[in-house]
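See structure below.
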Amino acid sequence: MAQLRNPPGGRDARIMLLALAVDRTGSGLWAASSVLYLTFVTHLSPQQIGVLLGAAGVAGIAGSPLAGRLAGRFPVRPLLIGCHLLRLVTLILVLTCTGFAALLPVIAATSLGDRAAKTLEMLFATRAAGERRAAYQALSRSAANAGYGVGAGLAAVGLAIGTTDAYRAMILTNALSFVVAALLVRRTGEPRATVTVEVAKRGGPPPGATTPAAPGEPVRPKGPWRDRGYLRFVLLDIPMNLDDSVLGVGLPLWLVSSTSAPHALVPAVLVINTVLVVTLQLTISNRVEGPHRVLRTVALYGVLMFACCALLAAATRCGTWAAALVLLAAAVLVTLAELMRSVSSWELAVLLAPPDARAAYLGVAGMSQSIQKSAGPPLLTGVVMAAGPAGWLVVGTLVAGLACVQQQVCAHRLGVLGRPAPDRTATAVGQAR
Numbered sequence: 539m540a541q542l543r544n545p546p547g548g549r550d551a552r553i554m555l556l557a558l559a560v561d562r563t564g565s566g567l568w569a570a571s572s573v574l575y576l577t578f579v580t581h582l583s584p585q586q587i588g589v590l591l592g593a594a595g596v597a598g599i600a601g602s603p604l605a606g607r608l609a610g611r612f613p614v615r616p617l618l619i620g621c622h623l624l625r626l627v628t629l630i631l632v633l634t635c636t637g638f639a640a641l642l643p644v645i646a647a648t649s650l651g652d653r654a655a656k657t658l659e660m661l662f663a664t665r666a667a668g669e670r671r672a673a674y675q676a677l678s679r680s681a682a683n684a685g686y687g688v689g690a691g692l693a694a695v696g697l698a699i700g701t702t703d704a705y706r707a708m709i710l711t712n713a714l715s716f717v718v719a720a721l722l723v724r725r726t727g728e729p730r731a732t733v734t735v736e737v738a739k740r741g742g743p744p745p746g747a748t749t750p751a752a753p754g755e756p757v758r759p760k761g762p763w764r765d766r767g768y769l770r771f772v773l774l775d776i777p778m779n780l781d782d783s784v785l786g787v788g789l790p791l792w793l794v795s796s797t798s799a800p801h802a803l804v805p806a807v808l809v810i811n812t813v814l815v816v817t818l819q820l821t822i823s824n825r826v827e828g829p830h831r832v833l834r835t836v837a838l839y840g841v842l843m844f845a846c847c848a849l850l851a852a853a854t855r856c857g858t859w860a861a862a863l864v865l866l867a868a869a870v871l872v873t874l875a876e877l878m879r880s881v882s883s884w885e886l887a888v889l890l891a892p893p894d895a896r897a898a899y900l901g902v903a904g905m906s907q908s909i910q911k912s913a914g915p916p917l918l919t920g921v922v923m924a925a926g927p928a929g930w931l932v933v934g935t936l937v938a939g940l941a942c943v944q945q946q947v948c949a950h951r952l953g954v955l956g957r958p959a960p961d962r963t964a965t966a967v968g969q970a971r
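First residue of the sequence shown? That's 539 in the numbering used here, and the numbers climb one at a time after it.
Below you can see the structure in the form of structure tokens.
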């Protein structure tokens with residue numbers, strides 16, 4: 539709570555965290571009720587709902603690079619306000635659209651605005667919090683998860699009522715959250731983009747540099763779409779986000795379809811995830827500082843994901859209560875993996891980008907989450923779960939292997955491959971002198 543009252547970035551960061559919590563409260567309410575709304579109010583078939591969600595995922599992929607490109611040319615604050623207002627308009631249109639054809643572009647535009655807003659929030663943090671961006675990101679995740687929890691609780695009340703008016707009231711509440719978030723963002727100041735070349739810290743030229751600059755000549759980075767090294771990081775980061783689909787799709791479906799564990803355990807999995815993220819995110823982020831520790835976190839993510847997948851595979855051979863305990867342990871492991879990934883992906887996306895082109899680069903980096911949200915669920919349900927326990931072992935092994943590959947690729951780009959981590963005590967003494 540002390541960190542929330544005085545976060546990195548000061549007053550503007552504190553207001554932005556409040557806006558984020560309000561935004562995620564509405565988003566949590568919509569996420570918990572949208573499928574049922576489309577089923578019982580607009581009377582869409584499961585196939586049509588699947589197409590809508592797939593289109594939303596594709597639109598979300600485009601939202602991140604679009605936001606990054608715009609943020610490189612225009613101030614972040616009005617762009618973020620625009621994203622909130624865009625989602626306000628699209629949600630109101632959801633109330634007026636009843637057919638599949640009309641809802642398709644509306645739902646896609648909502649997802650586009652949602653993904654763009656998250657990218658802009660990330661960019662705001664890198665500018666407002668500076669070198670303490672990891673601590674700010676941890677606070678933002680805690681605020682976001684708390685907001686999602688409140689939104690899910692409100693949705694439970696509306697779903698218990700179950701009337702058409704209750705569903706519409708939930709949508710209007712979500713729309714109101716965007717209005718409040720936009721008003722809060724309007725109270726902040728525009729964060730300044732500080733450009734610092736960390737040649738001495740990394741031991742080489744900044745990532746993305748085309749050629750070594752002549753003395754006195756500024757280093758000009760490539761664009762992210764022509765920077766093969768950064769695109770390689772983004773590509774490898776897609777499977778590094780698979781924990782999201784494992785937690786939200788794979789684990790619950792595996793529990794009810796392939797194990798003897800009680801179905802009432804599914805809500806407990808989500809509660810465990812929310813509580814651990816809110817309570818541990820800041821602690822873990824504070825302990826992962828500097829390129830060396832971030833890179834070790836990538837490897838640890840792979841280990842945790844493999845252990846989680848191994849437990850999911852083993853749960854099929856257990857009795858009812860043993861399976862329940864094994865699945866709860868898997869939920870803890872995948873949540874810890876999520877905590878590691880949120881730190882490593884965030885820091886590497888920033889560290890690997892040229893300081894004076896971070897807006898465009900972070901927009902491209904944000905695509906990895908969107909692509910995973912589109913490809914992850916069908917991969918787990920159509921391939922991994924269809925293959926049975928062996929499928930989980932294979933996907934765990936692949937993620938662990940790719941984590942090692944990403945660690946080496948990023949270490950090489952950062953210029954820390956094979957170098958020992960700096961002595962923090964000696965560094966502190968040197969700074970004191």
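We put the CB at the ideal spot given by N, CA and C, even for glycine.
_residue 790, enclosing alpha helix (DSSP H) - first and last residue_ = Counted from its first residue, the sequence shown places residue 790 at position 252. Counting along the chain, the alpha helix (DSSP H) containing residue 790 begins and ends at 789 to 796.
_Tell me the DSSP secondary structure of residue 979 in three-state form._
The displayed coordinates of the chain run from 539 to 971. Any statement about residue 979 would go beyond what the structure contains.
_Rounding to the nearest angstrom, what Cα-Cα distance links residue 847 and residue 724 in this structure?_
The residue labelled residue 847 in the question sits at position 309 within the sequence shown. The residue labelled residue 724 in the question sits at position 186 within the sequence shown. The alpha-carbon atoms of residue 847 and residue 724 are separated by roughly 44 Å.
*Sequence-distant residues of the same chain with beta carbon closer than 6 Å to residue 575, five excluded per side*: Position 37 of the sequence shown, counted from the start, is the residue given in the question as residue 575. Excluding residues within five positions, the ones whose Cβ falls inside 6 Å are 705.
*asked:* Between which two residues does the alpha helix (DSSP H) holding residue 830 run?
replied: By one-based count along the sequence shown, residue 830 stands at place 292. 829 to 852 is the extent of the alpha helix (DSSP H) around residue 830.
_I'd like to check one pair, residue 605 with residue 654: are the Cβ atoms closer than 8 Å?_
Here residue 654 is taken as the residue at index 116 of the sequence shown, counted from 1. Here residue 605 is taken as the residue at index 67 of the sequence shown, counted from 1. Taking 8 Å as the Cβ cut-off, residue 654 and residue 605 qualify as a contacting pair.
*Mind checking whether residue 900 and residue 948 have CB atoms under 8 Å apart?*
The residue labelled residue 900 in the question sits at position 362 within the sequence shown. The residue labelled residue 948 in the question sits at position 410 within the sequence shown. No; because the gap between Cβ atoms is not below 8 Å, this pair is not in contact.
*The alpha helix (DSSP H) with residue 950 in it runs from where to where?*
By 1-based counting over the sequence shown, the position of residue 950 is 412. Residues 927 to 952.
*Assuming residue 819 and residue 676 make a contact with CB atoms under 8 Å, what is their CB distance in whole Å?*
Sequence index remark: in the sequence shown, residue 819 carries index 281 (1-based). Sequence index remark: in the sequence shown, residue 676 carries index 138 (1-based). That belief holds up - the Cβ atoms of residue 819 and residue 676 are roughly 4 Å apart, short of 8 Å.
*Going by CA-CA distance only, name the one from 921, 912, 932 and 917 that's closest to residue 597.*
For the purposes of this step, residue 597 is taken as residue 59 along the sequence shown, with counting starting at 1. Ranking 921, 912, 932 and 917 by Cα distance to residue 597 puts 912 first.
*asked:* Quick test of your reading: residue 839 and residue 882, contact by CB under 8 Å. State the CB separation rounded to the nearest angstrom.
replied: Here the question's residue 839 lines up with position 301 in the sequence shown. Here the question's residue 882 lines up with position 344 in the sequence shown. Rounded, the Cβ-Cβ distance is 6 Å, consistent with contact.
*Return the residue from the list 852, 663 and 652 that minimises the CA-CA distance to residue 553.*
Mapped onto the sequence shown, residue 553 falls at position 15. Cα-wise, what sits closest to residue 553 is 663.
*Return the CA-CA distance between residue 622 and residue 657, expressed in angstroms with no decimal places.*
Here residue 622 corresponds to residue number 84 of the sequence shown, with the count starting at 1. Here residue 657 corresponds to residue number 119 of the sequence shown, with the count starting at 1. The alpha-carbon atoms of residue 622 and residue 657 are separated by roughly 13 Å.
*asked:* Mapping the DSSP letters down to three states, classify residue 579 as helix, strand or coil.
replied: Position 41 of the sequence shown, counted from the first residue, corresponds to residue 579. DSSP places residue 579 in coil when its eight states are reduced to three.
*Mind reading off the beta-carbon distance from residue 888 to residue 896? Whole number of angstroms is fine, and I expect it under 8 Å.*
For this step, residue 888 is matched to residue 350 along the sequence shown. For this step, residue 896 is matched to residue 358 along the sequence shown. The pair is a contact, with the Cβ atoms about 7 Å apart (cut-off 8 Å).
_Short Cβ contact (8 Å threshold) for residue 715 with residue 939_ = As a working note, residue 715 is residue 177 in the sequence shown. As a working note, residue 939 is residue 401 in the sequence shown. The answer is no: Cβ separation not under 8 Å.
*Report yes if the CB atom of residue 710 is closer than 8 Å to the CB atom of residue 919, and no otherwise.*
Taking the sequence shown and counting its residues from 1, one reaches residue 710 at position 172. Taking the sequence shown and counting its residues from 1, one reaches residue 919 at position 381. Contact: no.
*residue 910 classed as buried or exposed, judged by whether at least 16 other C-beta atoms fall within 10 angstroms*: Locating residue 910 in the sequence shown gives position 372, where the first residue counts as 1. Counting Cβ neighbours within 10 Å, residue 910 comes out buried, since at least 16 surround it.
*Under the rule that 16 or more other beta-carbon atoms within 10 Å means buried, what is residue 648, buried or exposed?*
As a working mapping, residue 648 is identified with position 110 in the sequence shown. It counts as buried.
_Buried or exposed, going by whether 16 or more other CB atoms sit within 10 Å of the CB of residue 516?_
Look at the range of the chain in this structure, 539 to 971, and you will see that residue 516 is not part of it.
*Leaving out five residues on either side along the sequence, give the residues of the same chain with a beta carbon under 7 Å from the beta carbon of residue 615.*
On the sequence shown, residue 615 is found 77 positions in, with the first residue counted as 1. Result list for residue 615: 723, 726 and 728, in chain order.
*Which class does residue 544 belong to by DSSP, given the choice of helix, strand or coil?*
Mapped onto the sequence shown, residue 544 falls at position 6. Here residue 544 sits in coil by DSSP.
*asked:* I'd like the span of the alpha helix (DSSP H) that includes residue 856, first residue to last.
replied: Locating residue 856 in the sequence shown gives position 318, counting from the first residue. Neither: residue 856 is in no alpha helix (DSSP H) and is coded neither H nor E.
*Exposed or buried, what is residue 691 when buried is set at 16 or more other beta-carbons lying within 10 Å of its beta-carbon?*
Counting from one through the sequence shown, the residue named residue 691 turns up at place 153. Classification of residue 691: exposed, given that the 10 Å Cβ count is below 16.
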